[in-house]
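I have placed the structure first, in the form of structure tokens, so that the comments after it can refer back to it.
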Amino acid sequence: MTELHQLDITELAALLDAGKVSSVELTRHQLARVAVHESLGAFLCVDEDVALAQAGAADAWRARGIGGAAHRLLGVPIAHKDIFVTRDFPSTAGSKMLEGYRSPFDATVVSRLSAAGAVTLGKLNCDEFAMGGSNENSAWFPARNPWDTGRITGGSSGGSAAAVAARLVPGATGTDTGGSVRQPASFCGITGIKPTYGRCSRYGMIAFASSLDQAGPMARSALDCAHLLQAMSGFDPRDATSAEQAVPDFVAQTTALREGATADRPLAGLRIGLPKEFFGDGVAADVLAATRAALAELEKLGATLVDVSLPRTELSIPVYYIIAPAEASSNLSRFDGVRYGHRAEQYKDLSEMYSKSRSEGFGAEVKRRIMIGAYVLSHGYYDAYYLQAQKLRRMIADDFQAAFTQCDLIAGPVAPTVARPLGSQSDPVAEYLADIFTLPASLAGLPGISVPAGSGEAGLPVGLQLIGNYWREGALLHAGHAFQQATDWHRRSPAAA
Numbered sequence: 001m002t003e004l005h006q007l008d009i010t011e012l013a014a015l016l017d018a019g020k021v022s023s024v025e026l027t028r029h030q031l032a033r034v035a036v037h038e039s040l041g042a043f044l045c046v047d048e049d050v051a052l053a054q055a056g057a058a059d060a061w062r063a064r065g066i067g068g069a070a071h072r073l074l075g076v077p078i079a080h081k082d083i084f085v086t087r088d089f090p091s092t093a094g095s096k097m098l099e100g101y102r103s104p105f106d107a108t109v110v111s112r113l114s115a116a117g118a119v120t121l122g123k124l125n126c127d128e129f130a131m132g133g134s135n136e137n138s139a140w141f142p143a144r145n146p147w148d149t150g151r152i153t154g155g156s157s158g159g160s161a162a163a164v165a166a167r168l169v170p171g172a173t174g175t176d177t178g179g180s181v182r183q184p185a186s187f188c189g190i191t192g193i194k195p196t197y198g199r200c201s202r203y204g205m206i207a208f209a210s211s212l213d214q215a216g217p218m219a220r221s222a223l224d225c226a227h228l229l230q231a232m233s234g235f236d237p238r239d240a241t242s243a244e245q246a247v248p249d250f251v252a253q254t255t256a257l258r259e260g261a262t263a264d265r266p267l268a269g270l271r272i273g274l275p276k277e278f279f280g281d282g283v284a285a286d287v288l289a290a291t292r293a294a295l296a297e298l299e300k301l302g303a304t305l306v307d308v309s310l311p312r313t314e315l316s317i318p319v320y321y322i323i324a325p326a327e328a329s330s331n332l333s334r335f336d337g338v339r340y341g342h343r344a345e346q347y348k349d350l351s352e353m354y355s356k357s358r359s360e361g362f363g364a365e366v367k368r369r370i371m372i373g374a375y376v377l378s379h380g381y382y383d384a385y386y387l388q389a390q391k392l393r394r395m396i397a398d399d400f401q402a403a404f405t406q407c408d409l410i411a412g413p414v415a416p417t418v419a420r421p422l423g424s425q426s427d428p429v430a431e432y433l434a435d436i437f438t439l440p441a442s443l444a445g446l447p448g449i450s451v452p453a454g455s456g457e458a459g460l461p462v463g464l465q466l467i468g469n470y471w472r473e474g475a476l477l478h479a480g481h482a483f484q485q486a487t488d489w490h491r492r493s494p495a496a497a
């Protein structure tokens, strides 16, 4: 029998339904995996007692006849990015500013997954306040890529990606502000989807950039992501950015046969746009080759490839790195040493307490973005920088709408390269450039998915990015699932697993 940790959510749910394993047994198995692979740095906190209590409750529900296709997550172990507040675990956002903080409530995403019966093992490592693309900005330690522990996982949801890739959990939550679900999913060879902005509640998500942050699931397959997204989604009156949009049956949309399609050509009639800006000189040859091979597979499955253009792609970097820091400087102003969070031990007056507390509590990348944000919002620069960035953001969104008149989905690389070595990038601006293919969809608020699609340098994973129009998560999941039914990239695991 295949070891439990090698099974995905759908397979584990079938075993649980059949009574071949209990949630308590499964949870103990995964907790043991977490302990053995502690050196990966994926987890910041694990609580065996809490996890086993939740698993016992799931077994009790199943004993009362609850289970089946409508309750795929019942008793399945998962973990949450430490950007979501939780009652039963510390919530630090990967920062010393919140060291030891305990929330009096659960984030909506957490509570909805708990209501679906998922068992929480613990909290996952992330770049501090979700600011970063490598997980090297965590205040505690970096998460390491299970495919090569000398490489980054990507960020900011690097702990989530590492945990799923190393088979420590079959699924996890992440957040995507500028690519922080899709990029680590690509680097670690798993599937991750950023839904349309407003699809998942931001209530209880420690804010970085409020107009960009969006929760998303990370798992091995598109089908598993569909199960997680189904539970996570829906309107929340406590979140002013939550959309009053009906939640479709993502699982049914993922597996349904398209009209006019056949079993061997499940993507017949689907038009996939290829932006010329995503296939230029900046893409490494190994990533480009894997992406082209994946696109050829989509053609075999019936899809038609169409050339399109997103002419303002390069502008997404300066636009994002004006808007996101501006919002971060506002959101993080609450961490001042007075109400909660780190407070300096010695200070002469209130002003010095603010200064010392923030200097000691925040890391270098967070300080950098706060200063950038404060600058672009300051008198005399607001119109020149922030206002202009918002105008360009609208134009970037319009570019997508123009492209969608010619195609149904847009495809391309997730990142220009495979995961780089830890500590190899000292220039923050160069690091920001690696987000060029994920930022446009984030600025437009569009859904995007990364699916494992090949391997590049040193056998490291390469992800294929698919972007859909607003509320078309089902179409992305369907295309990803069809690709995964025809390939096995999502089933390959690193040696550490």
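Once you know that position 221 of the sequence shown is 221 in full-length UniProt numbering, the rest is easy, because the numbers rise by one and skip nothing.
Don't be surprised by glycine CBs; every beta carbon is placed ideally from N, CA and C.
Buried or exposed: where does Ala364 fall if 16 or more other Cβ atoms within 10 Å of its Cβ makes it buried?
exposed
Sort Gly445, Tyr382, Trp489 by Cα distance to Gly456 and report the nearest one.
Trp489
Just mark Ala18 as buried or exposed, buried being the case when its beta carbon has 16 or more other beta carbons within 10 Å.
exposed
Which same chain residues, not among the five before or five after Pro275, have their C-beta less than 8 Å away from its C-beta?
Val308, Ser309, Leu310, Thr313, Ala403, Ile410, Gly412
Do Lys81 and Cys45 count as a contact pair if the criterion is CB distance below 8 Å?
no
Please state whether the Cβ-Cβ distance between Gln30 and Leu121 is less than 8 Å.
yes
Using three-state DSSP, classify Pro248 as helix, strand or coil.
coil
Three or more C-beta pairs closer than 8 Å, one from the region 65-83 and one from the region 163-172: is that the case here?
yes
So, is Leu288 buried or exposed, given that buried needs 16 or more other C-beta atoms within 10 angstroms?
buried
Would you kindly work out how many angstroms separate the C-alpha atoms of Phe105 and Ala70, rounded to a whole number?
26 Å
Could you tell me the distance, in whole angstroms, from the CA atom of Ser221 to the CA atom of Arg33?
20 Å
Is it a yes or a no for the region 172-179 touching the region 152-160, going by three-plus beta-carbon pairs under 8 Å?
yes
How long is the line joining the alpha carbons of Cys200 and Ala252, rounded to whole angstroms?
19 Å
Among Leu52, Ala58, Val319, Leu98, which residue has its Cα nearest to the Cα of Leu433?
Val319
Could you pull the DSSP bridge partners for Cys200 from this structure?
For Cys200, which the question treats as bridged, DSSP gives the partners Ser233.
Mark Pro461 as exposed unless 16 or more other C-beta atoms lie within 10 angstroms of its C-beta, in which case mark it buried.
buried
Which stretch, first to last residue, makes up the beta strand (DSSP E) that contains Pro217?
214-219
According to the neighbour-count rule (16 or more other Cβ atoms, all chains shown, within 10 Å of its Cβ), is Met1 buried or exposed?
Its pLDDT being 48, under 50, Met1 is placed unreliably in this model, and the coordinates cannot settle the point.
Can Arg238 and Thr108 be called in contact, C-beta distance under 8 Å?
yes
I need the DSSP call for Cys126, collapsed to helix, strand or coil.
coil
Take the Cβ of Val36 as the centre, count every other Cβ of all protein chains shown within 10 Å, and call the residue buried at 16 or more, exposed below.
exposed
Going along the chain, which unbroken runs of the beta strand (DSSP E) with 3 or more residues stay wholly within the region 136-189?
148-152, 171-176
Since Leu15 and Thr254 are thought to touch, with beta carbons under 8 Å apart, how far apart are those beta carbons, to the nearest angstrom?
Contact flag wrong, Cβ pair sits at about 21 Å.
Would you tell me roughly how many angstroms separate the C-alpha atoms of Phe235 and Thr241, rounded to the nearest one?
Their backbone Cα atoms lie some 9 Å apart in a straight line.
So, at 8 Å on beta carbons, what are the nonlocal neighbours of Val164 in its own chain, with the 5 sequence-adjacent residues on each side left out?
Pro170, Gly171, Ala172, Cys188, Ile190, Met218, Ala219, Arg220
Label residue 513 either buried or exposed according to how many other C-beta atoms from any shown protein chain fall within 10 Å of its C-beta, with 16 as the threshold for buried.
Because residue 513 is not part of the residues shown, which for the chain are 1 to 497, the question remains open.
Could you give the distance in angstroms between the alpha-carbon of Trp140 and the alpha-carbon of Thr92?
C-alpha separation (whole angstroms): 10 Å.
For His379, does the count of other Cβ atoms within 10 angstroms reach 16, so buried, or fall short, so exposed?
exposed
Please report the distance separating the alpha-carbon of Thr10 from that of Asp224.
6 Å
DSSP on Ala389, reduced to helix/strand/coil?
helix
Which of the three DSSP states, helix, strand or coil, is assigned to Cys45?
strand
What residues are listed by DSSP as bridge partners for Met205?
Phe84
Where do the ends of the beta strand (DSSP E) carrying Pro275 lie?
271-275
Quick check on the burial criterion: 16 or more other C-beta atoms within 10 angstroms. Buried or exposed for Thr262?
When all chains shown are included, Thr262 counts as exposed.
What do you get for Ser103, buried or exposed, if any count of 16 or more other CB atoms within 10 angstroms of its CB means buried?
Ser103 is buried by the Cβ-count criterion.
Using CA coordinates, which residue listed in Gly132, Ile66, Ala51 is at the minimum distance from Arg369?
Gly132
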